[in-house]
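Okay, so here's the structure we're looking at.
Residue numbers (this note's numbering): 14 to 191.
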């Protein structure tokens, strides 16, 4: 609640398995999935460094700013080139390439962080946000590419892109514990 009333900021996640790299994560227009995650985390069914004691959903008004949009072909090409660059860098350093294993997405995180570092080195403007579809869960029906928990995630790098917070309605659905 301190974030909602402006006394605190959300903290960036810096886990090595955060698939869109370091930042504050949001589900785009999906408070139901956010509630599901918070509730499951409070029961110990979702991996997170910090257990959520009282699950609730905090909505945010975001400005995407300079966005690495992975729904857009240009964004995908940036990621593809970054993967090649990371692979080359790791081979030259005689190290082992990170891998994605289940929910642990070290490779994805490394590629995104490589993009940020490469832009910094090249004196290019940093990405404020990263936006990407995320296929999660079982398929909706046999042979489908639709999954029961698919959603779009936004990872905010630049916290100035978070313009405000709110409690999504209806409160009894998304915030029954408040």
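Positions of the beta carbon are idealized from the N, C-alpha and C atoms, including for glycine.
Of the residues 41, 129, 72 and 62, the one whose Cα lies closest to the Cα of residue 94 is 129.
For residue 182, DSSP assigns no beta-bridge partner whatsoever. The beta carbons of residue 69 and residue 166 sit no closer together than 8 Å. Taking one beta carbon from each stretch, the stretch 58 to 68 and the stretch 90 to 104 have fewer than 3 pairs nearer than 8 Å; the two do not touch.
A direct Cα-Cα distance of roughly 17 Å separates residue 153 from residue 45. Less than 8 Å divides the Cβ of residue 164 from the Cβ of residue 147. For residue 146, the enclosing beta strand (DSSP E) starts and ends at 142 to 147. For residue 82, the uninterrupted beta strand (DSSP E) run begins and ends at 80 to 82, by DSSP.
Each of 175, 186 and 126 was checked against the Cα of residue 78, and the nearest Cα belongs to 175.
Residue 25 and residue 142 have their C-alpha atoms some 12 Å from each other.
DSSP, read as helix, strand or coil, puts residue 96 in helix.
Around the Cβ of residue 118, a 10 Å sphere holds 16 or more other Cβ atoms; the residue is buried. Straight-line measurement puts the Cα of residue 158 at about 30 Å from the Cα of residue 27. One alpha carbon belongs to residue 82, the other to residue 185, and they sit about 33 Å apart. Within the same chain, Cβ atoms closer than 6 Å to the Cβ of residue 37 are found at 23, 25 and 169, the five residues on either side in sequence being excluded.
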